[in-house]
Structures are given as C-alpha cells and as structure tokens.
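J.:
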Amino acid sequence: MSEGLTRLENLAERILLAIDKQTDSINAHVQLPQQQSANVSELSKLVASQAATVDFLVRRES
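Residue numbers (the working numbering): 3 to 64.
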C-alpha cells in the first residue's frame, strides 16, 4: 500500500511540475502581446508628434 501511495505522490508531483511549466509558457506568451501593445502605443505617440511638426512647418511656410 505504501508503495502505491509513493507512486501516486510521484505522479502528482510530475503533474504539478508539468502544470507549472505550462503556466510559465502561457505567461511568456501573454507578455509578448502586452509588450507589442506598449510598442504600438509609443509609435503612435511618435507619429502624432511628427505629424504636428509637419503641420507646423507647412503652416509656417504658407
């Protein structure tokens, strides 16, 4: 009986390790879109700033 419990405990431990590994993998995949979203936001700010600069220069030359 004790041997059976030990085998079950080992199996449970391996399952928990596999779940932890999958969780880490999922978290890494979630972080990528979050970083991409932050990059898009920063690029949008840059484009808006450049558009304002171009608008200013065009108005000044007119």
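Backbone N, C-alpha and C fix where the C-beta goes; we use that ideal spot for every residue, glycine too.
1. Along the chain, where does the alpha helix (DSSP H) that runs through SER51 open and close?
2. Spatial neighbours of ASP22 within its chain, please: CB distance less than 8 Å, with the 5 preceding and 5 following residues excluded, ordered by chain position.
3. Look at the alpha carbon of ALA30 and the alpha carbon of ILE17, and state the distance between them as a whole number of angstroms.
T.: For this structure:
1. Within the sequence shown, numbered from 1, the residue matching residue 51 stands at position 49. Here the alpha helix (DSSP H) through SER51 covers 4 to 63.
2. Position 20 of the sequence shown, counted from the start, is the residue given in the question as residue 22. Cβ within range, chain order: n/a, list empty.
3. Numbered from 1 along the sequence shown, position 28 holds the residue referred to as residue 30. Numbered from 1 along the sequence shown, position 15 holds the residue referred to as residue 17. Cα-Cα distance, rounded: 20 Å.
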